[in-house]
Amino acid sequence: MLARQFTHQTIIQPLTQHEDKLTGLHANTQIPKIIGALRVAELDDDKVWEGLATFFWNTVSRHRSVSIGGNSVREHFHDDDNFTAMIEDAQGPETCNTYNMMKLSKMLFLRTGEQRYLEFYERATYNHILSSQHPQHGGLVYFTSMRPGHYRMYSSVHESMWCCVGSGIENHSKYGELVFTHKDDAIWVNLFMPATLNWQDKGVIIQQHTRFPDADNVTIEVSPGDQATTFALNIRQPEWATDNLTVAVNGEPVDAPLNNGYHQITREWQAGDKVSFSLKPDLHVEQLPDGQDYYSVLYGPVVMATPVTAFSDEQINFVSDDSRMGHVAAGPVCPPEALPMMLGEPQTFLANLERTQQPELAFTATSNVAIAKPVKTSAPTTLIPFFRLHDARYQVYWPQLNEAGFNEFVTDAKAEASAVSALQAITVDKVTPGEQQPEVEHDFVGENTRAGVNNGMHWRDASGYFQYQLSNTDRRAKSLRITYFKGDVNRRFTININGEVLAEVALPVGSPASDFYTVDYPLSPSIQQADQLVLKFQAGSGSVAGGIYGVRLIAE
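Each number in the working numbering corresponds to the 1-based position in the sequence shown with 1235 added.
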């Protein structure tokens, strides 16, 4: 088949062996390849290719995704056992990734009927997709940062056209896709949201009425038209419910046996029949996948988030302009000491949440919460569905500490924030080697070069060369700071700027005390006076240039 010839075997073949080699790859470049592979498997009934799609889905959804259903940082898959970048970077999960993971989940669900695909689809719908469009002006989100206290940028209707605007417009027309499915003489209710099905083959109208997640009651009204009709109505038993659903028809409890995860009611349906039940969602916490002490709070499938105030009287423009990087929330990060902390055991924190009396779902945290340096203290800490939290800094993942560690955290956080701020102040330009977007923006060119990720750090090396173009804004740059890995040894290369040799390097440089270390190379007067700097790493004969883990022009 021609489709197989166009399939990227470098990605496909490891997955057929159930090998995860995704770390460091551009995430959304890979997901459509797997969608295509699964389509080939469907046409050929190829169990091996179906298996690779299943393995990929499980790897991404279970080991590489956060509570909202999204994945990737700066568009790339990070190490699946190190989510540090996820809770530190402004460029969190990309909406397009989830758009494509939902496509893959839908295909797998319709092919297998397994509820795990539906559970992921539901989670991603409520939390990543529904949250990604502004409810008033309609702007769409590219990156949804998971960094506590950060924020999102929304597209401008007339000035922004990102990939996540294109897929985003489609996203919000698809909410009804999997609410119902049907086959022969059976209908399945998969998702719990207001929806109407016109089952034309049966001449039946089915309407689902609910205010979930604000209220837990669901009513399904069956209208079979002029004459009674017999069919099976299957209602999903969600894994996030605290108990099995208790189903009633026209107010009377009925026996609805559980069959493959669905409560089945088979009867002759009359006009006006109403099926009712309560969902009974579980309020629970979900830890960051790598086991770090960050916790997300969920009510059933709905992620709860809290607004965060980082600075007094801060004014943020949440709508992007038409600039190249306008989709990135590039403003100041929230000082860690301004964040609400989960103090003590997560289950104790959860038990002390109080649901408010307002009609819309919300909780207040009145105990087991600590803020090292609160900006405002007039209101209690409130948690609302993330999909309703717009035009604000927010916290999806709560940092968790015991009381003994809280004071130490405050001291360390202040020191780290001060160091980051000081480095930012002297940075003239920077590149993260091995990351697609920064390299594109800095005119990357290379020959015989490789890239990857090591302990969460992107790198690039070459047996040939690679180069970038850096901007020496206001001719402020005085030095070039390069980050190396101490495990790279016996490597020789030249660093050139604008054709001038800046340094002859032999790795390692000195005796590094830590795994990653930096070396500053002073710029010559002629280089300092140039507005644009072409930085080139050239391997020595028979050797390798790099790995280079960071490139930064600094003004000192």
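Note that the Cβ used here is the ideal one computed from N, Cα and C, for glycine as well. Here the structure is a predicted model, which is why all the values come from computation and not from measurement.
For H1253 and G1373, I'd like the C-alpha separation in whole angstroms.
Using only the alpha carbons, I get a separation of about 41 Å.
Identify, in the order they occur along the chain, each residue of the same chain with its Cβ nearer than 6 Å to the Cβ of T1753, setting aside the five sequence neighbours on each side.
Closer than 6 Å at Cβ, skipping near neighbours: R1716 and T1718.
Short Cβ contact (7 Å threshold) for G1401 with H1363:
No, they are not a contact pair.
Within its chain, find whatever has a CB closer than 8 Å to the CB of P1567; leave out the 5 residues flanking it on each side and keep chain order.
The answer, listed in chain order, is A1545 and F1546.
Under 8 Å: do the stretch 1692 to 1699 and the stretch 1771 to 1784 share three or more Cβ pairs, one atom per stretch?
Result yes; three or more Cβ-Cβ pairs closer than 8 Å.
Quick one: using the 10 Å Cβ neighbour count with 16 as the cut-off for buried, is G1681 buried or exposed?
With 16 or more Cβ atoms within 10 Å of its Cβ, G1681 is classed as buried.
Which residue wins for smallest C-alpha separation from S1776, given the options E1354, W1504, E1739 and D1755?
Selected option, being the one with the closest Cα: E1739.
Distance between P1757 and K1611 (C-alpha atoms, nearest Å)
Cα to Cα, the separation comes out at about 45 Å.
What residues in its chain sit with their C-beta under 8 Å from that of V1453, if we drop five residues either side in the sequence?
Here the set comprises F1427, Q1443, H1444, T1445, F1447, S1511, F1512, S1513 and L1514.
Assign I1404 to buried or exposed, taking buried as 16 or more other Cβ atoms, counted over all protein chains shown, within 10 Å of its Cβ.
By the neighbour-count rule (16 or more Cβ atoms within 10 Å), I1404 is not buried but exposed.
Return the bridge partner residues of E1589 from the DSSP annotation.
According to DSSP, which records beta bridges pairwise, E1589 is partnered with T1599.
Nearest to P1668 (by Cα), restricted to the options R1727, R1685, T1662 and Q1240
The shortest Cα separation from P1668 among R1727, R1685, T1662 and Q1240 belongs to R1685.
Can we say the stretch 1567 to 1578 touches the stretch 1632 to 1647, given the rule of at least three CB pairs closer than 8 Å?
Under the three-pair Cβ rule at 8 Å, the stretch 1567 to 1578 counts as touching the stretch 1632 to 1647.
If you draw a straight line from the C-alpha of Y1700 to the C-alpha of G1785, how long is it?
Approximately 16 Å, taken between the alpha carbons.
For V1655, report the span of its beta strand (DSSP E) as first-last.
Run containing V1655: none in the beta strand (DSSP E); it sits in the alpha helix (DSSP H), E1638 to I1661.
Buried or exposed for Q1593, please, with buried defined as at least 16 other CB atoms from any protein chain shown within 10 angstroms of its CB.
By the neighbour-count rule (16 or more Cβ atoms within 10 Å), Q1593 is not buried but exposed.
If you check the beta carbons only, do A1627 and R1387 fall under 7 Å apart?
No, the pair does not count as a contact, with Cβ atoms beyond the cut-off.
Can you tell me whether L1533 is buried or exposed? The criterion is at least 16 other CB atoms within 10 Å of its CB, across all chains shown.
Counting Cβ neighbours within 10 Å, L1533 comes out buried, since at least 16 surround it.
Between F1598 and K1256, what straight-line distance do the alpha-carbon atoms span, to the nearest angstrom?
Each residue's Cα considered, the two are about 41 Å apart.
Expected contact under 8 Å - CB spacing of E1310 and Q1672 to nearest Å
A Cβ-Cβ distance of about 6 Å is found for the pair E1310 and Q1672, placing them in contact under the 8 Å criterion.
What separation, rounded to the nearest whole angstrom, lies between the Cα atoms of L1585 and T1601?
So the alpha carbons of these two residues sit roughly 11 Å apart.
Report buried or exposed for H1385, applying the criterion of at least 16 other Cβ atoms within 10 angstroms of its Cβ.
The residue in question, H1385, is buried, as its Cβ has 16 or more Cβ neighbours within 10 Å.
Taking L1343 and T1289 to be in contact with their CB atoms under 8 Å, please state how far apart those CB atoms are, rounded to whole angstroms.
A Cβ-Cβ separation of about 7 Å places L1343 in contact with T1289 under the 8 Å criterion.
Host alpha helix (DSSP H) of S1402 (start-end):
Where S1402 is concerned, the enclosing alpha helix (DSSP H) stretches over C1398 to N1406.
Quick one: residues in its chain with C-beta nearer than 8 Å to the C-beta of K1713, no 5 flanking neighbours on either side, listed in chain order?
Around K1713: P1757, L1758, Q1763, I1789, A1790 and E1791.
Measure the C-alpha to C-alpha separation of E1638 and T1541 and round it to an integer number of angstroms.
Roughly 21 Å separates the two Cα atoms.
Proximity of V1537 and Y1361 at Cβ, strictly below 7 Å
In contact: V1537 and Y1361 (Cβ atoms closer than 7 Å).
Please confirm whether V1301 and M1381 have their CB atoms less than 7 Å apart.
Yes, the Cβ-Cβ distance between V1301 and M1381 is below 7 Å.
Within 10 angstroms of its Cβ, does P1615 collect 16 or more other Cβ (buried), or is it exposed?
Counting every other CB atom within 10 Å of its CB across the protein chains shown gives P1615 a total below 16, marking it as exposed.
According to DSSP, is P1747 part of a helix, a strand, or is it coil?
The answer is coil: DSSP assigns P1747 none of H, G, I, E or B.
So the beta strand (DSSP E) R1796 belongs to, where does it begin and stop?
Only positions 1236 to 1791 of the chain appear in the structure, and residue 1796 is not among them; the question remains open.
Quick one: any contact between the stretch 1459 to 1469 and the stretch 1493 to 1513, if contact means 3 or more CB pairs under 8 Å?
As far as the Cβ criterion goes, the stretch 1459 to 1469 touches the stretch 1493 to 1513, which means the pair count is three or higher.
For P1492, count the other beta carbons within 10 Å of its own beta carbon; 16 or more makes it buried, fewer makes it exposed. Which is it?
Classification of P1492: exposed, given that the 10 Å Cβ count is below 16.
Report the rounded CA-to-CA distance for K1338 versus R1358, giving the unit in angstroms.
The straight-line gap from Cα to Cα measures roughly 14 Å.
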